[in-house]
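Visitor: Next up is a structure, given as structure tokens.
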Amino acid sequence: MTSFPELGSSSIPWTNATTAWRALLALAVVFVMLATTGWTAVRSHKGAEDPRAASLKAWRHGSVSGRPLPSPDAEPSALSRFFTTLTAGQRERLAERYPLVVGNLGGAPTELRYRANRTALTQARAVEEKRSHDAGLTPAGRYEAARRMHRFESLLAPDRQILAFDPAGDGRVAEVFGDLDAARRVSVVVPGVDTNVLTFEKTQRAYSAPVGMGRSLYAAERKAGPATRTAVIAWADYTSPAGVGMDAATGKLAAEGALRLRRLVRSLPGDSKVALFCHSYGSVVCGVAARELPARVTDVAVAGSPGMRAQSVSDLATTARIWAMRDADDWIQGVPHMEVGGLGHGADPVSAGFGARVLSAGDAQGHTGYFAPGTTSLANFAGIGVGAPASVRCARDSGDCADGLGPDAVAAAA
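This is how it looks when you write it as structure tokens:
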């Protein structure tokens, strides 16, 4: 990634330093404005203890048939081999005893993770039900506990496939649509700020939340490629910024999220091809992750991006195709696309100089409308997701974004 000289360096002419400071001030002012008009912060949930940390501690001291359990930080391939050495009964007992470990363990069998997370959700729901009647909490605290309880009830519905779950703090969660083990193409939706267990799904403005995005993309992919075995992951398994503040303007949380995203990709079963669909701050996460993504990731598509912590596609150092789109009335275009002293996320991915393949976002409305059914933006995502990138519609002023992606390229990607 192109780096910027530090402000105040004696090697920078005074006029350049002054310009940089003005840019920094402008960036700060814009983020403050957006904080009051765009994103809304969600107050953190403060639990008495971290149940997953306790479960991990117990796991590290546990054993099966006299053998110590492997490190939960081991590579997914090593963990996968470990589980193949166990009987079905041993796997089930581990999932029952350590649900918050097994349910989040890259390399554990997919169905076992689903079952472990059902156990973890059932336990978390019971905790929040008790808290919702706790006279020692404030009315606001009891209300928040009730909201979390109802969210966990929703995630426990029989048709839900929860791939990751952690109730600590604001909570993290990931859900699968489709058959992940049988899929030949896997799409991962990476959402932006204010993503947590409570905002994971919404009744109003459903397609602005990860669950609505994932379901909508999966339905569109089934329509775009009925013969293609696909799965979609709504991935809210990283700590996102709460509102537009310093966390949203810097790359710290994106760097942490990128580590988790890379691990997710490495842990996916089989040899399926993978596409990432990154919205808003999620595109910052994807930009940081791009530099060390496995080769199975063929495409990274960003929408409503404040930047990818890069000045150009070449800075991303990835073999994946980079796509970008932005709706004409998306307020994110008001964010200065620059990086100064670590503040801001670099060049605008839809700008000509960045070098991404710029897609049409026709019919999308505002910053959160890219996954709405019937939009060109969603149809473009679906074409990429099923391995038919030549089917996309380009932005009118971007030239041919599908250049070099003829039938042969499509066949190679399928």
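In the numbering used here, the protein residues as written are 5 to 418.
Ideal Cβ placement from N, Cα and C applies to all residues, glycine included.
Is it buried or exposed for ARG85, if we count other Cβ within 10 angstroms and need 16 for buried?
Guide: Under this definition ARG85 is an exposed residue.
Visitor: Start and end of the alpha helix (DSSP H) containing ARG226?
Guide: Its alpha helix (DSSP H) spans residues 214 to 228.
Visitor: Just to confirm my understanding: we take LEU409, look at its own chain, exclude 5 residues before and 5 after, and list those with CB closer than 6 Å. What are they?
Guide: Excluding sequence neighbours, LEU409 sits near PRO393 and ALA394.
Visitor: Tell me, which residues are paired with ASP2 by DSSP?
Guide: Outside the displayed span of the chain (5 to 418) sits residue 2, for which this structure offers no information.
Visitor: Can you give the Cα-Cα distance for GLY350 and SER158, rounded to whole angstroms?
Guide: Distance between the alpha carbons of GLY350 and SER158 is about 38 Å.
Visitor: For the beta strand (DSSP E) that VAL177 lies in, which residues bound it at each end?
Guide: Note, VAL177: beta strand (DSSP E), 176 to 182.
Visitor: Tell whether a beta-carbon distance below 8 Å holds between VAL105 and TRP63.
Guide: Going by C-beta atoms, VAL105 is nearer than 8 Å to TRP63.
Visitor: Give me, in chain order, the residues of the same chain whose beta-carbon lies closer than 6 Å to that of ARG146; leave out the 5 immediate sequence neighbours on both sides.
Guide: Only SER136 meet the Cβ criterion.
Visitor: For the beta strand (DSSP E) that contains PHE169, what are its first and last residues?
Guide: First-last of the beta strand (DSSP E) with PHE169: 166 to 170.
Visitor: Tell me whether SER158 sits in a helix, a strand or coil according to DSSP, three-state version.
Guide: Looking at SER158 - three-state DSSP - the assignment turns out to be helix.
Visitor: Sorted by chain position, which residues of the same chain lie with C-beta nearer than 6 Å to MET37's C-beta, five sequence neighbours on each side aside?
Guide: The pLDDT assigned to MET37 is 41, lower than 50, so where the model puts this residue is not dependable, and the model offers no usable value.
Visitor: Where does the unbroken beta strand (DSSP E) through ALA240 begin, and where does it stop?
Guide: Counting along the chain, the beta strand (DSSP E) containing ALA240 begins and ends at 234 to 240.
Visitor: Hey, ALA365 and ARG330: beta-carbon distance below 8 Å or not?
Guide: Yes, they are a contact pair.
Visitor: Go through its chain and collect everything with a Cβ distance to ALA376's Cβ below 6 Å, but skip five positions before and after it.
Guide: Answer for ALA376: TYR211, listed in chain order.
Visitor: Taking C-alpha atoms, which residue in PHE181, ALA178, VAL390 and ALA213 lies nearest to THR302?
Guide: It is VAL390.
Visitor: If we ignore side chains and look at the alpha-carbon of each, how far apart do VAL177 and ARG151 end up?
Guide: Between VAL177 and ARG151, the C-alpha separation is close to 16 Å.
Visitor: What three-state label does DSSP hand VAL197 in the structure shown?
Guide: VAL197: coil per DSSP, three-state reduction.
Visitor: For PRO103 versus THR123, is the C-beta distance shorter than 8 Å?
Guide: Going by C-beta atoms, PRO103 is nearer than 8 Å to THR123.
Visitor: What residues are listed by DSSP as bridge partners for PRO72?
Guide: PRO72 pairs with SER67.
Visitor: From what residue to what residue does the alpha helix (DSSP H) around ARG397 run?
Guide: Here ARG397 belongs to no alpha helix (DSSP H), and DSSP marks it neither H nor E.
Visitor: List the endpoints of the continuous alpha helix (DSSP H) containing GLN369.
Guide: It is not in any alpha helix (DSSP H) - GLN369 carries neither H nor E in the DSSP assignment.
Visitor: With DSSP as the reference, label ARG361 as helix, strand or coil.
Guide: DSSP places ARG361 in strand when its eight states are reduced to three.
Visitor: Tell me whether GLY216 is buried or exposed, calling it buried when 16 or more other Cβ atoms sit within 10 Å of its Cβ.
Guide: Classification of GLY216: buried, given that the 10 Å Cβ count is 16 or more.
Visitor: Under a three-way DSSP split, which group does VAL390 fall into?
Guide: Looking at VAL390 - three-state DSSP - the assignment turns out to be coil, as it is neither helix nor strand.
Visitor: Helix, strand or coil: how does DSSP classify GLY348 here?
Guide: In this structure, GLY348 counts as coil in the three-state DSSP scheme.
Visitor: With a 10 Å radius around its C-beta and 16 neighbouring C-beta atoms as the bar for buried, classify PRO245 as buried or exposed.
Guide: By the neighbour-count rule (16 or more Cβ atoms within 10 Å), PRO245 is buried.
Visitor: For ALA321, tell me which candidate among GLU260, ALA294 and SER220 has the shortest Cα-Cα distance.
Guide: The residue with the shortest Cα to Cα distance from ALA321 is ALA294.
Visitor: Is it a yes or a no for the stretch 311 to 321 touching the stretch 218 to 228, going by three-plus beta-carbon pairs under 8 Å?
Guide: No: the two stretches stay apart, fewer than three of their Cβ pairs being nearer than 8 Å.
Visitor: Just the Cα atoms here: how many angstroms apart are HIS371 and PHE181?
Guide: Taking the straight line from one Cα to the other gives about 24 Å.
Visitor: With a CB to CB cut of under 6 Å and the five nearest residues on each side skipped, what residues in its chain are close to ASP185?
Guide: Here the set comprises THR114 and PRO273.
Visitor: For the alpha helix (DSSP H) containing ASN108, name the first residue and the last one.
Guide: Note, ASN108: premise wrong, no alpha helix (DSSP H); not H, not E.
Visitor: Rounded to a whole number of angstroms, what is the C-alpha to C-alpha distance between ALA368 and ALA386?
Guide: Whole-angstrom Cα-Cα distance: 15 Å.
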